[in-house]
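As structure tokens, the structure follows; a few thoughts come after it.
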Amino acid sequence: MSPGPEQSVMLSLLGGGFVAAFLHAALPTHWLPFTLVGRAQGWRPSRILMAVTAAGLAHIATTAVVGGLIVAAGLALDQWIEGVLPHLAAVLLFLFGAFYLARATLKRPAMAGGPAVETPEPAVSDKAAFLGLVAMMAISPGEVLLPIYLSSASAGLGALALLTVVFAAGTVAGMAVFTALASAGASILRLERWARYEGAVLGVALIALGLVVAMHQH
130 MSPGPEQSVM LSLLGGGFVA AFLHAALPTH WLPFTLVGRA QGWRPSRILM
180 AVTAAGLAHI ATTAVVGGLI VAAGLALDQW IEGVLPHLAA VLLFLFGAFY
230 LARATLKRPA MAGGPAVETP EPAVSDKAAF LGLVAMMAIS PGEVLLPIYL
280 SSASAGLGAL ALLTVVFAAG TVAGMAVFTA LASAGASILR LERWARYEGA
330 VLGVALIALG LVVAMHQH
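With the first letter of the sequence shown counted as 1, position 133 gets the number 262 in the numbering used here; the numbers rise by one all the way through.
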């Protein structure tokens, strides 16, 4: 038995949410600090992975709180203006997608090469370094993921919880992959150049999600 229209849209949002979270984690701010701090503190890969996981979950927890507030405001607005919520979500997805796509298109490519990344001597305790990395991610919610929360607001708390789990899986997976690559000796400069394409791919993904939501309304 094939899934209904509502299930198809929700599956598309879940799949797109995972991709968006994974691609967003490709930004150097989501993995470079873990690589540098891990080297400076002399951490084993398992300790770096623990920091990545804790920080990624804190990042999504903050995103979920902000997303919940936006959903609550959107539902309140939807009671006054019937049917505005899905259209508002589609517009926000389009705007975010266009912003990231335009920023990626206008950004000048960096020249190859560059100064080598030095490994500083440990200046803080392991506990302070660990908590600092977690706090760094906790205070910066993933703004890219917020419109996806709004687009699934009418699906209920269960759908929002499932979307949060998908965001967490995509974010932690992306952060772990890029941190592991850099920590294993892959060129950080090359990873940073590759991450510049993240904006273009993320923009296209968000616009595609906006199309899914908009087409579902017709």
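Ideal Cβ placement from N, Cα and C applies to all residues, glycine included. Just so we're clear, the structure is a prediction, and the values are computed from it rather than from any experiment.
| Query | Result |
| --- | --- |
| Burial state of Thr293 (16 or more Cβ within 10 Å) | buried |
| Beta-carbon contacts of Ala184 that lie in its chain and below 8 Å, excluding the five residues immediately before and after | Phe163, Leu262, Val263, Met265, Met266, Ala267, Met304 |
| Cβ separation of Ala149 and Leu275, assumed to be a contact under 8 Å, to the nearest whole Å | Ala149 to Leu275, Cβ: 11 Å. No contact. |
| For Thr182 and Ala302, the rounded distance between their alpha carbons | 9 Å |
| Helix, strand or coil at Ala297 [DSSP, three-state] | helix |
| DSSP state of Ile277 mapped onto helix, strand, coil | helix |
| Nearest candidate by alpha-carbon position, reference Gly171, set Gly287, Glu272, Ala258, Val295 | Ala258 |
| Environment of Ala154 [buried if 16+ CB atoms lie within 10 Å] | buried |
| Integer Cβ distance of Ala297 from Ile189, believed to fall under 8 Å | 4 Å |
| Selection from Pro270, Gly287, Ile336, Ala313 that minimises the alpha carbon distance to Ala187 | Pro270 |
| Distance between Phe228 and Ser280 (C-alpha atoms, nearest Å) | 18 Å |
| Rounded Cβ spacing between Val333 and Leu230 (contact assumed at less than 8 Å) | 7 Å |
| Limits of the unbroken alpha helix (DSSP H) element including Arg168 | 161-170 |
| Assigned exposure category for Ala202 - 16 Cβ within 10 Å defines buried | exposed |
| Cut-off 7 Å between Cβ atoms - residues of its own chain near Asp255, not counting five sequence neighbours on either side | Gln170 |
| Straight-line Cα distance separating Leu340 from Val194 | 26 Å |
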